[in-house]
């Protein structure tokens, strides 16, 4: 019985891993990130009167770009929001890639494509 307890990984051990390579539970960082997302969604709602969503930001932004609209007012905050998403991902990739970008589950590429299409349809239908 004692040797069974000794063989069990401790709670701080990397052996206690989550699916697909994630190994740490980070409630503080996750909570702060959630609060930042909530604050930015609330600000976007107060400023633009719309609920924040990537589809609702990217679509109108790129339509404006294709029309050669000047980057001001609503276009400016959308540009800054999208730039922040990309820069945040790149910074995280540089400093924390093993945790933030775990290996994808081994599935056929068609399942990933189908999942992406399903999410896209769901966001349009849920509007």
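Numbering (my numbering), first residue to last: 27 to 153.
Built from N, CA and C at the ideal position, the CB exists for glycine as well.
Proximity below 8 Å, CB of residue i to CB of residue j
i: residue 104; j: residue 86; result: yes
i: residue 78; j: residue 65; result: no
i: residue 110; j: residue 101; result: no
i: residue 135; j: residue 108; result: no
i: residue 119; j: residue 127; result: yes
Coarse secondary structure for residue i, derived from DSSP in three states
i: residue 129; result: coil
i: residue 86; result: helix
i: residue 95; result: coil
i: residue 77; result: coil
i: residue 152; result: coil
i: residue 158; result: This structure leaves residue 158 out entirely; the chain is present only between 27 and 153.
i: residue 3; result: With the chain covering only 27 through 153, there is no way to say anything about residue 3.
i: residue 134; result: coil
Counted within 10 angstroms of its Cβ, other Cβ atoms place residue i as buried (16 or more) or exposed
i: residue 80; result: exposed
i: residue 73; result: exposed
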